[in-house]
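Report on the structure given below.
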Amino acid sequence: QKEVEQDPGPLSVPEGAIVSLNCTYSNSAFQYFMWYRQYSRKGPELLMYTYSSGNKEDGRFTAQVDKSSKYISLFIRDSQPSDSATYLCAMEGGGNKLTFGTGTQLKVEL
Amino acid sequence: DSGVTQTPKHLITATGQRVTLRCSPRSGDLSVYWYQQSLDQGLQFLIQYYNGEERAKGNILERFSAQQFPDLHSELNLSSLELGDSALYFCASSAGTNGETQYFGPGTRLLVL
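Residue numbers (our numbering), protein chains in the order written: chain C, -10 to 99; chain F, 0 to 112.
What follows is the structure, given as structure tokens:
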């Protein structure tokens, strides 16, 4: 079993929809939780990072962490075609090593 | 643009050969991280350097080695290349030693034939 599980998709939604992306994990040591966006043939871009449990909002993006359930989410409101990309969750629990999910491919259609 | 640069963008080589990938971190960042991204394994952490010293090690093969130079740029050396080493190799940087805010470069696409 992988330490971080993420549904690969693809997930296809109409423009303007609310998108929910999720990851589950098994390592209780994870304290920092990140979401990266990766466009095709580009490097991952840091979108959000949160420490421990709770919510964090940045514009159209909201990150949620539920450590008791070992479950994290990224919500995208008013989704746009430019949001079409692969979204990677990542976690860090000491040791400076990031553990990534395999990524969810999102397509926002006009 | 993250501010992290990587060269070359593409590299095509043969099995058994050796290649060097280069990374320049964002201005002011002292940590450099190397990752391998393949279709079947996803993004895998290889190694971290902080201010010239190795700080953390991941799933890096013995055939691979890295170093960080006094000007903080880093090189990843891959030797005795195998077909399975074909992948995207990313470098990331962060200001300190903590890994939670890493900024990624555009990557080097390696194809081993």
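Every residue, glycine too, gets a C-beta built ideally from N, C-alpha and C. Predicted model, so just to flag it, every value in this text is computed and none were measured.
{"query": "Alpha carbon to alpha carbon, how far is Leu77(F) from Ile46(F)?", "result": "13 Å"}
{"query": "Could you tell me if Ser71(C) is buried or exposed, where buried requires 16 or more neighbouring beta carbons within 10 angstroms of its beta carbon?", "result": "exposed"}
{"query": "Helix, strand or coil: how does DSSP classify Asp28(F) here?", "result": "coil"}
{"query": "Taking buried to mean at least 16 other C-beta atoms within 10 Å of its own C-beta, is Asp39(F) buried or exposed?", "result": "exposed"}
{"query": "Using DSSP's beta-bridge definition, name the partner residues of Glu4(C).", "result": "According to DSSP, which records beta bridges pairwise, Glu4(C) is partnered with nothing at all."}
{"query": "Tell me, please, whether the CB atom of Gly45(C) is closer than 8 Å to any CB atom in chain F?", "result": "First, the amino acid is wrong: residue 45(C) is Lys here, not Gly. No, Lys45(C) lies away from the interface with chain F (no Cβ there is under 8 Å from its Cβ)."}
{"query": "Kindly identify the DSSP beta-bridge partner or partners of Arg26(C).", "result": "Glu34(C), Tyr76(C)"}
{"query": "Pull out every residue of the stretch 61 to 76 of chain F whose Cβ sits closer than 8 Å to any Cβ of chain C, in chain order.", "result": "none"}
{"query": "Quick check on the DSSP output: what are the complete beta strand (DSSP E) runs of length 3 or more inside the stretch 45 to 89 of chain C, in order along the chain?", "result": "50 to 55, 60 to 65, 74 to 81, 87 to 89"}
{"query": "Got a sec, what are the start and stop residues for the beta strand (DSSP E) Gly57(F) sits in?", "result": "Taken as a continuous stretch (DSSP letters only), Gly57(F) belongs to no beta strand (DSSP E), as it is neither H nor E."}
{"query": "Please identify the residue among Asn85(C), Ser57(C), Thr93(C) whose C-alpha is closest to the C-alpha of Tyr63(C).", "result": "Strictly speaking, residue 63(C) in this sequence is Leu, with Tyr absent from that position. It is Thr93(C) whose Cα lies nearest to the Cα of Leu63(C)."}
{"query": "If you compare alpha carbons, which of Asp55(C), Tyr38(C), Phe22(C) is closest to Asp47(C)?", "result": "Tyr38(C)"}
{"query": "Starting from Lys31(C), find everything on chain F with Cβ-Cβ shorter than 8 Å and list it in chain order.", "result": "Pro105, Gly106"}
{"query": "Check distances from the C-beta atoms of the stretch 80 to 91 of chain C to those of chain F and list, in chain order, the residues that come in under 8 Å.", "result": "Glu81, Gly84, Asn85, Lys86, Leu87, Thr88, Phe89, Gly90, Thr91"}
{"query": "Can you name, in chain order, every residue of its own chain whose Cβ lies under 8 Å from the Cβ of Gly83(C), other than the five neighbours on each side?", "result": "Ala18, Gln20"}
{"query": "Quick one: which chain F residues come within Cβ less than 7 Å of Tyr21(C)?", "result": "Glu99"}
{"query": "Should Arg26(C) be labelled buried (16 or more other beta-carbon atoms within 10 Å of its own) or exposed?", "result": "buried"}
{"query": "Looking only at DSSP bridge pairs, what is Ser41(C) linked to?", "result": "None; Ser41(C) has no bridge partner."}
{"query": "Run through DSSP, which three-state label would Gly98(F) get?", "result": "coil"}
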